[in-house]
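The next block holds one structure in the form of structure tokens; read it before the comments.
Chains as they are written, first to last, in our numbering: chain A, 1 to 239; chain B, 1001 to 1228.
Quick look at the structure:
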């Protein structure tokens, strides 16, 4: 496994209309554009296989935006982000699951979307159900799930795709202690096999379990990059 | 329950329009119920596709924010989902044929082509509808009203053949007209649909696809910013 992530001069721009709603460039031509803001600005970072890296910083500093850019969910407006390796991600509070579908249906949908053949995805459903520990809830609509249950489901499906790069946003903080241990074990397995784990959040103790390096983001740019304890101390002092 | 409601909707619409045409307008024609069904059924695919395509991007917010996949699949999936439900509404045509004693003829061979045209038109509308629903969320209801207006600006309640002159030709500009005429030719009149009735709605759908698909493909990279 030779997973790598490289961002060069990465910029993600958000356009707003006059009522401060986010708009697309084409819509900006149809409506009067109000203002713009850079979620990430001239960001440079290189992550090599075997590295666990924590993204720390205040809310709105660009942690989620960077994770989404790495996942390919957001496309750079300037610069580039190059990712080598299969990506598994858990990037939002709803953990990428749709409320109207059951856990089983969501698992099948996500498994197919991450690239598993339909037959393989179907065959994996019972294993996914066991791993999530959701029991009978697996066949109930996700709208009846707690945030932690959604995160469990989302994580297990992401894990099932055998990712070489694992991206975790603050959602893993919604997990209970038993499942946090499972997440940490999965992260260590990926790291030991030469993969990458990028995790963002405010629970620094959790991040430290699988991140030796930290990136402190501030207003969309890198403020500090280095060993986890050093960067965290600098961040906490500044905060 | 929801799917059952969708399947029953054409039956309810047909009942309302039948009362309107036969009682209020007092224009009972040849097999009025079957003629109406030949408009209601193909329109059902168009209107349900547009209605569901309008919020299709925002309702998939959770997966759009979490993973990368070809977002072009969203309007396609919306259309195909409606095609599956649409199949059941053909019971309405079969029922009307039985009630009016109209048997199938060799023109039924044109049905697969009529269906293909119907799907192309619905798919062609699904892409602009998805973008419109994302760009102008507050105007979604007007988009549905616009499509419903097209239904009444086509020979939906009365056959195209009862119009003449300028009105006859103007009605042809509406892509739904060719579709309704085709269904009536296949199920009611038992004759080969004229070429324009198939080509115009199909061409209209393909033109919409040709224009809006490149825009959609460009915009898909921005969806995660806008649905947040």
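Beta carbons are placed, not taken as given, at the ideal position from N, Cα and C, and that holds for glycine. Bear in mind that the values here come from a model prediction, so they are computed numbers and not experimental data.
| Item | Value |
| --- | --- |
| Along the chain, which unbroken stretches of the alpha helix (DSSP H) at least 4 residues long are found entirely within the stretch 1068 to 1117 of chain B? | 1073 to 1088, 1090 to 1100 |
| Just mark residue 1220/B as buried or exposed, buried being the case when its beta carbon has 16 or more other beta carbons within 10 Å. | buried |
| Assuming residue 178/A is part of the alpha helix (DSSP H), what are its boundary residues? | 177 to 192 |
| Would residue 1104/B be called buried (16 or more neighbouring beta carbons within 10 Å of its own) or exposed? | exposed |
| To the nearest angstrom, report how far apart residue 59/A and residue 238/A are at their CA atoms. | 15 Å |
| Which of helix, strand or coil does DSSP assign to residue 1211/B? | helix |
| Can you tell me where the beta strand (DSSP E) with residue 1170/B in it begins and where it stops? | Not the beta strand (DSSP E): residue 1170/B falls in the alpha helix (DSSP H), residues 1165 to 1172. |
| Give the DSSP bridge partners of residue 84/A, in chain order. | 4/A |
| Listing by chain order, which chain B residues have their CB less than 8 Å from the CB of residue 68/A? | 1065, 1224 |
| Compare the beta carbon distance of residue 1042/B and residue 1180/B with 9 Å and say whether it is the shorter of the two. | yes |
| Rounded to a whole number of angstroms, what is the C-alpha to C-alpha distance between residue 1187/B and residue 101/A? | 38 Å |
| Got a sec, what are the start and stop residues for the beta strand (DSSP E) residue 39/A sits in? | 33 to 48 |
| Between residue 89/A and chain B, is any beta-carbon pair separated by less than 9 Å? | yes |
| I need the straight-line Cα distance from residue 1191/B to residue 1113/B, nearest angstrom please. | 14 Å |
| Kindly list, in the order they appear in chain A, the residues whose Cβ is closer than 7 Å to that of residue 1215/B. | 26 |
| What's the call for residue 189/A, buried or exposed, on a 16-neighbour Cβ count within 10 Å? | exposed |
| Assuming residue 1076/B and residue 1123/B form a contact by the criterion Cβ under 8 Å, report the distance between their Cβ atoms to the nearest whole angstrom. | 7 Å |
| Return the chain-ordered list of same chain residues with a C-beta closer than 6 Å to the C-beta of residue 1153/B, the five sequence neighbours on each side being excluded. | 1174 |
| Does the Cβ-Cβ distance between residue 143/A and residue 1062/B come in under 9 Å? | no |
| For residue 1207/B, collect the residues of the same chain with a Cβ closer than 8 Å to its Cβ; drop the 5 residues on either side in sequence, then sort them by chain order. | 1124 |
| Using only alpha-carbon positions, find the residue among 1145/B, 1072/B, 1147/B that is nearest to residue 1214/B. | 1072/B |
| Going by DSSP, name the residue or residues bridged to residue 14/A. | 37/A |
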